[in-house]
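Peer 1: 1 is the number of the first residue of the sequence shown in the UniProt record's numbering; add one for each residue after it.
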Amino acid sequence: MATGLGAPAAREQICIALGAIDAAHEVLRATSSDLVGTDFRVDMADRLETQDRINRGLMYRIFGELAAPSDGDGSIIAVRAALWKRLRITPREITRRCRLAARIRGRHSLTGTHIAPELPALAEAVETGVVGEDHIRAVCQAVDVLPASVAPAEVAQAEATLVEHAARVDAGVVAKLGQRIADHLNPDGLFSDEDRARRRGLTLGRQGPDGMSKLSGLLDPQARAYFEAVAAAVRPGHRQPDGAAGPDERSCAQRNHDALKLALATALSSGELGTHRGHPVTVVVSTTLAELNQAAHAVTDPTIPMPPWAHTGGGSRLPMRDLIAMAANAIHYLAVFDDHTARPLYLGRQKRIATTDQRLICYARDRGCTRPNCLVPGYHCEVHHSPDWTPNGRTDADKLHFACGPDHAAATEGRQQTTVTESGRLGWTDGSTPPQINHAHHPEELLRGDPDPPE
Ligand SMILES: [Zn+2]
């Protein structure tokens, strides 16, 4: 437990201790372990692992304090931005650490009474460096899978037992013990609606180099009932893919896939999904005129190579052949751009909506958030207006650029400054460097090593 020092004394003491660790690391790195012998190396590995875990425990303490500072210091959005920039860890990892820290930290209520952490045994083991990251994950998973009908005292007992074992065995064993405890506490596998609601989820994996994506997760009974009904419509011999003739040779898994695709396409074309940021919910795809021309010819002439990919507003790649097939259904927004000027040549859609035109330009030019190294795709971006740039014969859309929610707020509140560069892209700076543009959605620029700031 930390001792009660004033802020300057606490800062000094922490800096001295961190400095001593840095100095000790230098000594360790400079000292050869070539001749110390295997027993000594195992001891050394043991101590390094423990120190790593203690470090991790301190890290969770700091993340807990950052997320809910008792000195009420700083906005969480600015803190997250600073952590992302300084630690170079992903936003998802920042969220994960804050969430876990909240579960293993005690708090003080408004009246000043101490509230014990949700997972007290795990909290102590993390703080003292007894358990590693994989143990923590195994204990949390085992506790989280218990249904709400298990009494709190039994959950606490399960947690304490698993942590006790985590101090002696690896995380794989802890995970298996967790499953056995869950089966014991919930022998009939009884789960309430609340348990099911908590456990439902679908994870769409990242798109592979071949364009395919892995989907995994748990459906609740209602979702399964819908899925089964749609899958029945895609039973053997029914609704085969375009151009497929003769007997249906699809596997069950392939028909399930086609059923999901049919359901999503039908939902989108129904127009019943409402609007998203001002335009009807639908697929947005952008490409260039040269590639679209080539693709249109390649469909009929096999000697012409099919250009590879168009880009969707979700940040994924869509084969040009699929784009042409989808465009025939006319339910999608298609933006075609000149190769060099990023100027729209054609905007196709069902209805003309001014704000949609502007967003389409953002999709094609920016593809996603414009702040350097931000990976948020276009579907999840707001439109940022760069007011301090005086246009010279340019359209309004030249002043509008994509920014994700937190970055848009950073620009609006003045923590970041934005300027439209000569290339029409938005440059960002916090004032310490020249404005930089985001190449993260344009891998061809990353590879070319395009100058930044752009000329
Ligand atoms: Zn962003």
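We put the beta carbon where it would ideally sit given N, CA and C, even for glycine.
#1: Which runs of the alpha helix (DSSP H) spanning at least 4 residues fall entirely within the region 236-278, listed in chain order?
#2: Give the list of continuous alpha helix (DSSP H) stretches no shorter than 4 residues that lie fully inside the region 84-130.
#3: Which residues in the same chain as THR203 place their Cβ atom closer than 6 Å to its Cβ, once the five residues preceding and following it in sequence are excluded?
#4: Tell me the start and end of each unbroken beta strand (DSSP E) in the region 389-443 that is at least 3 residues and wholly inside, in chain order.
#5: Apply the 10 Å Cβ neighbour rule to LYS85 and answer buried if 16 or more other Cβ atoms are within range, or exposed otherwise.
#6: Can you tell me which residues fall inside 7 Å of ligand 1, judged by beta-carbon distance to its nearest heavy atom, and keep chain order?
#7: Between the region 290-304 and the region 360-369, do at least 3 Cβ pairs fall closer than 8 Å?
#8: Near GLY205, what residues of its chain come up, given a Cβ to Cβ distance below 6 Å and the 5 sequence neighbours on each side ignored?
#9: Quick one: Cα of HIS108 to Cα of ARG425, how far?
#10: Could you tell me whether the Cβ atoms of VAL130 and VAL174 are closer together than 8 Å?
#11: Give the list of continuous beta strand (DSSP E) stretches no shorter than 3 residues that lie fully inside the region 154-236.
#12: Should GLN207 be counted as a contact of ligand 3 given a C-beta to heavy atom distance under 7 Å?
#13: Any contact between the region 59-67 and the region 19-31? By contact I mean 3 or more CB pairs, one from each, below 8 Å.
#14: Measure the beta-carbon distance from VAL285 to ALA267 and round it to whole angstroms, keeping in mind my assumption that it falls under 8 Å.
#15: Is the region 364-382 touching the region 311-319 in the sense that three or more CB pairs, one from each, lie closer than 8 Å?
#16: Which one or two residues does DSSP pair with ARG317 in a beta bridge?
#17: Which stretch, first to last residue, makes up the beta strand (DSSP E) that contains HIS385?
#18: For ARG317, tell me which candidate among ALA296, ASN293, VAL283 and PRO305 has the shortest Cα-Cα distance.
#19: Report the CB separation of ALA182 from ALA142 in whole angstroms; it is logged as a contact under 8 Å.
#20: Anyone know if the C-beta pair for MET44 and SER33 falls short of 8 Å?
#21: I'd like the span of the alpha helix (DSSP H) that includes THR287, first residue to last.
#22: Is it right to say SER386 is buried, meaning 16 or more other beta carbons lie within 10 angstroms of its own, or is it exposed?
#23: By alpha-carbon positions, which one of PRO372, GLN13, GLY315 and ALA20 ends up nearest to GLY211?
#24: Any idea what DSSP makes of PRO377, helix, strand or coil?
#25: Can you tell me whether THR287 is buried or exposed? The criterion is at least 16 other CB atoms within 10 Å of its CB, across all chains shown.
#26: Quick check on DSSP: helix, strand or coil for GLY6?
#27: By how many angstroms is the C-alpha of PHE191 removed from the C-alpha of ARG200?
#28: In angstroms with no decimal places, state the Cα-to-Cα distance between ARG224 and SER149.
#29: Report the rounded CA-to-CA distance for LEU260 versus ALA229, giving the unit in angstroms.
#30: Report, in whole angstroms, the separation of the C-beta atoms of ARG367 and HIS441, which I expect to be a contact under 8 Å.
#31: What number of angstroms, rounded off, separates the C-alpha of GLY172 from the C-alpha of GLU133?
#32: Could you tell me whether the Cβ atoms of residue 531 and ARG105 are closer together than 8 Å?
#33: Which word fits ARG11, buried or exposed, when buried means at least 16 other C-beta atoms lie within 10 angstroms of its C-beta?
Peer 2: Walking through what the data contain:
#1: 252-269
#2: 91-103 and 120-127
#3: Along the sequence shown, read from residue 1 onward, the residue named residue 203 stands at position 203. Excluding sequence neighbours, THR203 sits near SER216 and GLY217.
#4: 400-404, 417-420 and 426-429
#5: By 1-based counting over the sequence shown, the position of residue 85 is 85. When all chains shown are included, LYS85 counts as exposed.
#6: Listed along the chain, these residues meet the criterion: CYS369, ARG371, CYS374, VAL376, ALA403, CYS404, PRO406 and ASP407.
#7: Contact check between the region 290-304 and the region 360-369: fewer than three CB pairs, one atom from each, fall below 8 Å, which does not count as touching.
#8: For the purposes of this step, residue 205 is taken as residue 205 along the sequence shown, with counting starting at 1. Within the same chain, SER213 and LYS214 come within 6 Å of GLY205 by CB-CB distance, once the 5 residues on both sides are set aside.
#9: In the sequence shown, residue 108 corresponds to position 108, counting from 1. In the sequence shown, residue 425 corresponds to position 425, counting from 1. Taking the straight line joining both Cα atoms gives about 48 Å.
#10: Here residue 130 refers to the residue found at position 130 of the sequence shown. Here residue 174 refers to the residue found at position 174 of the sequence shown. No, they are not a contact pair.
#11: As for any beta strand (DSSP E) of minimum length 3 sitting wholly inside the region 154-236, the runs are 201-207 and 213-218, ordered along the chain.
#12: This structure lacks ligand 3; the ligands present are ligand 1.
#13: no
#14: Sequence index remark: in the sequence shown, residue 285 carries index 285 (1-based). Sequence index remark: in the sequence shown, residue 267 carries index 267 (1-based). Wrong, their Cβ atoms sit about 18 Å apart, outside the cutoff.
#15: yes
#16: Stepping through the sequence shown from its first residue, residue 317 is reached at position 317. DSSP lists HIS311 as partners of ARG317.
#17: If you number the sequence shown from 1, residue 385 lands on position 385. Counting along the chain, the beta strand (DSSP E) containing HIS385 begins and ends at 381-385.
#18: In the sequence shown, the residue the question calls residue 317 occupies position 317. Looking at the Cα atoms, VAL283 is the closest of the given residues.
#19: Taking the sequence shown and counting its residues from 1, one reaches residue 182 at position 182. Taking the sequence shown and counting its residues from 1, one reaches residue 142 at position 142. Contact holds; Cβ gap of about 6 Å.
#20: One-based indexing of the sequence shown puts residue 44 at position 44. One-based indexing of the sequence shown puts residue 33 at position 33. Cβ distance < 8 Å, so MET44 and SER33 count as in contact.
#21: Residue 287 sits at position 287 when you count from the first residue of the sequence shown. Run containing THR287: none in the alpha helix (DSSP H); it sits in the beta strand (DSSP E), 284-288.
#22: For the purposes of this step, residue 386 is identified with residue 386 of the sequence shown, where counting begins at 1. Taking a 10 Å sphere around the C-beta of SER386, we find 16 or more other C-beta atoms and assign the residue as buried.
#23: Counting from 1 along the sequence shown, the entry for residue 211 is found at position 211. Closest by alpha carbon: GLY315.
#24: Here the question's residue 377 lines up with position 377 in the sequence shown. Strand, per DSSP.
#25: As a working note, residue 287 is residue 287 in the sequence shown. THR287 comes out buried.
#26: Locating residue 6 in the sequence shown gives position 6, counting from the first residue. DSSP places GLY6 in coil when its eight states are reduced to three.
#27: Against the sequence shown, residue 200 aligns to sequence position 200. Against the sequence shown, residue 191 aligns to sequence position 191. Their Cα atoms are separated by approximately 12 Å.
#28: Within the sequence shown, residue 224 is the residue found at index 224, counting from 1. Within the sequence shown, residue 149 is the residue found at index 149, counting from 1. So the two alpha carbons sit approximately 24 Å from each other.
#29: Stepping through the sequence shown from its first residue, residue 260 is reached at position 260. Stepping through the sequence shown from its first residue, residue 229 is reached at position 229. Straight-line measurement puts the Cα of ALA229 at about 11 Å from the Cα of LEU260.
#30: Taking the sequence shown and counting its residues from 1, one reaches residue 367 at position 367. Taking the sequence shown and counting its residues from 1, one reaches residue 441 at position 441. That belief holds up - the Cβ atoms of ARG367 and HIS441 are roughly 4 Å apart, short of 8 Å.
#31: In the sequence shown, residue 172 corresponds to position 172, counting from 1. In the sequence shown, residue 133 corresponds to position 133, counting from 1. If I take the Cα positions, the gap works out to 12 Å.
#32: Outside the modelled stretch of the chain, which goes from 1 to 455, sits residue 531, for which no answer is possible.
#33: By 1-based counting over the sequence shown, the position of residue 11 is 11. Its Cβ having fewer than 16 others within 10 Å, ARG11 is exposed.
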